[in-house]
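**Student:**
In full-length UniProt numbering, the protein residues as written are 1 to 147.
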């Protein structure tokens with residue numbers, strides 16, 4: 001399981017470095033049928049690059065990716081999403097029943113991994129740019145001191 005995770009992670013990092021998705025022409029995420037364990041209401045859970053959207057007949061809301069603290073599954077096809085609310089500083093745990101609970105969790109993991117790989121790539125590019133600027137500044141300083 002660990003080897004598979006690192007294999008997927010490395011593949012996504014390489015894809016992010018090339019600026020392409022996990023599979024050309026295929027979006028990360030997806031739509032999954034769910035039932036809210038609190039209300040019993042059925043609806044759709046949508047995983048996208050920005051977070052998780054929940055669409056029910058009487059309500060809809062969106063959990064931003066940076067507010068998701070944890071997601072996991074339990075036996076019986078239960079998907080659990082933990083959201084941090086910065087306004088109240090509380091963790092909200094939402095439970096959904098779905099035959100696709102494992103696929104939902106995997107989709108969220110893929111989005112997290114892809115976004116993390118992309119931000120790591122950006123950090124490396126910024127660090128390389130800073131190193132180039134520092135080297136140029138050092139060369140300019142050395143040239144100035146010679147005169």
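Backbone N, C-alpha and C define an ideal beta-carbon position, used for all residues, glycine too.
Quantities reported herein were computed from a predicted structural model and do not represent experimental measurements.
Is the stretch 53-62 touching the stretch 34-41 in the sense that three or more CB pairs, one from each, lie closer than 8 Å?
**Tutor:** yes
**Student:** In whole angstroms, what separates the C-alpha of residue 149 from that of residue 105?
**Tutor:** Examination of residue 149 is not possible in this model, given that the chain is present from 1 through 147 alone.
**Student:** Between residue 23 and residue 30, what straight-line distance do the alpha-carbon atoms span, to the nearest angstrom?
**Tutor:** Reliability fails at residue 23, whose pLDDT of 47 lies under 50, so the model's placement of it is uncertain and the value that follows must be treated cautiously. In a straight line, the C-alpha of residue 23 is about 14 Å away from that of residue 30.
**Student:** Can you tell me whether residue 72 is buried or exposed, with buried defined as 16 or more other CB within 10 angstroms of its CB?
**Tutor:** exposed
**Student:** Which same chain residues end up closer than 6 Å to residue 54 when comparing Cβ atoms and leaving out the 5 residues on each side of it in sequence?
**Tutor:** 45, 61
**Student:** Taking the C-alpha atoms as reference points, what is the distance between residue 107 and residue 87?
**Tutor:** Whole-angstrom Cα-Cα distance: 27 Å.
**Student:** I think residue 64 touches residue 51, with their Cβ atoms under 8 Å apart; what is that distance to the nearest whole Å?
**Tutor:** 4 Å
**Student:** In the DSSP assignment, what residue or residues form a beta bridge with residue 36?
**Tutor:** For residue 36, which the question treats as bridged, DSSP gives the partners 96.
**Student:** Just the C-alpha distance for residue 118 and residue 101, rounded to the nearest angstrom, thanks.
**Tutor:** 26 Å
**Student:** Looking at the unbroken beta strand (DSSP E) that takes in residue 82, where does it start and where does it end?
**Tutor:** 78-85
**Student:** Confirm, please, whether the CB-CB distance from residue 81 to residue 94 is below 8 Å.
**Tutor:** yes
**Student:** Please name the residue, chosen from 48, 66, 76, that lies closest to residue 97 on a Cα-to-Cα basis.
**Tutor:** 76
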